[in-house]
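A.B. asks: Below is one structure. I have some questions about it.
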Amino acid sequence: MNQAASDITLKYLQGYSEHLQNQVRQLINERRLAAYIEQRYGQQHPIQSDKALYKYINALKQNHLRNAPQIDKVLYDNRLDLTHRALGLHTAVSRVQGGKLKAKKEIRIASLFKHAPPEFLEMIAVHELAHLKEADHNKAFYKLCEYMLPNYHQLEFDLRIYLTARELVSE
1 MNQAASDITL
11 KYLQGYSEHL
21 QNQVRQLINE
31 RRLAAYIEQR
41 YGQQHPIQSD
51 KALYKYINAL
61 KQNHLRNAPQ
71 IDKVLYDNRL
81 DLTHRALGLH
91 TAVSRVQGGK
101 LKAKKEIRIA
111 SLFKHAPPEF
121 LEMIAVHELA
131 HLKEADHNKA
141 FYKLCEYMLP
151 NYHQLEFDLR
161 IYLTARELVS
171 E
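Residue numbers for the sequence shown follow UniProt numbering, so the first one is 1 and each next one is one higher.
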């Protein structure tokens with residue numbers, strides 16, 4: 001790490017208070033950021049195939065959103081990356097079939113989550129599932145995320161720290 005932590009722009013944490021950002025900078029200065037994540041989220045999840053990911057996300061949907069539209073396709077997508085700030089994506093692909101317009105729901109999860117802790121995969125899956133009911137990132141959306149995953153906000157924050165730590169290692 002070439003620059004002082006106080007000079008680092010914490011792009012994944014910009015919406016958080018200066019106090020929290022300073023705590024993260026202190027962990028960076030002390031070279032303890034990766035250890036913090038490793039201690040809290042040490043293991044990698046076993047869901048490695050698109051088929052397993054589909055089953056996993058469908059099970060979450062059945063537990064929390066039975067009346068939501070059916071999900072037609074779920075996959076890890078290596079085209080989603082941090083430069084586009086896309087960790088997951090939900091889409092409705094419309095096609096004409098036999099004179100009728102058919103909309104298929106798809107969820108794509110960034111491939112970097114193949115090797116992430118299970119808590120982060122669950123957080124991203126819950127986030128994308130919530131979009132089946134709420135299109136925008138509004139109060140109702142985050143309330144739904146909290147309903148499906150009670151510690152959603154803490155996991156989202158820790159995921160942002162995880163992404164920051166990954167980026168520091170790659171520099």
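Think of the CB as a built atom: it goes at the ideal place given N, C-alpha and C, for glycine as much as any other residue.
Bear in mind that the values here come from a model prediction, so they are computed numbers and not experimental data.
Go ahead and pull the three-state DSSP assignment for residue 203.
C.D. replies: Absent from the structure is residue 203, since the part of the chain shown begins at 1 and ends at 171.
A.B. asks: Less than 6 Å between C-beta atoms, sequence neighbours within five positions excluded: which residues of the same chain meet that for His84?
C.D. replies: Because the pLDDT of His84 is 49, which lies under 50, any placement of that residue in the model is unreliable, and the question is left without a value.
A.B. asks: Taking three-plus beta-carbon pairs below 8 Å as touching, is the stretch 116-132 in contact with the stretch 146-166?
C.D. replies: Taking a cut-off of 8 Å on C-beta distances, the stretch 116-132 touches the stretch 146-166, as three or more cross pairs fall below it.
A.B. asks: Mind listing, in chain order, the continuous alpha helix (DSSP H) runs of no fewer than 4 residues lying wholly within the UniProt domain "YgjP-like metallopeptidase" (15-159)?
C.D. replies: Counting only runs of 4 or more, we get 18-29, 33-40, 50-64, 118-130, 139-148.
A.B. asks: Rounded to the nearest angstrom, what separates Lys105 and Tyr56 at their Cα positions?
C.D. replies: Between Lys105 and Tyr56, the C-alpha separation is close to 16 Å.
A.B. asks: Closest to His64 by CA distance: which of Glu18, Glu38, Val126 is it?
C.D. replies: Of the residues Glu18, Glu38, Val126, the one whose Cα lies closest to the Cα of His64 is Val126.
A.B. asks: Could you give the distance in angstroms between the alpha-carbon of Ser17 and the alpha-carbon of Val24?
C.D. replies: 11 Å
A.B. asks: Taking just the CA atoms, how far does Asp136 sit from residue 181?
C.D. replies: This structure leaves residue 181 out entirely; the chain is present only between 1 and 171.
A.B. asks: Pull up the CB-CB distance for Gln43 and Pro150, whole angstroms please, since I reckon it's below 8 Å.
C.D. replies: At roughly 20 Å, the Cβ-Cβ gap does not stay under 8 Å, so Gln43 and Pro150 are not in contact.
A.B. asks: Below 8 Å on the Cβ atoms is my contact criterion, and I expect Ala140 with Glu134 to pass it. Report the Cβ-Cβ distance as a whole number of Å.
C.D. replies: 5 Å
A.B. asks: Assuming Lys61 and Ile47 form a contact by the criterion Cβ under 8 Å, report the distance between their Cβ atoms to the nearest whole angstrom.
C.D. replies: Actually they do not touch by this definition, with Cβ atoms about 15 Å apart.
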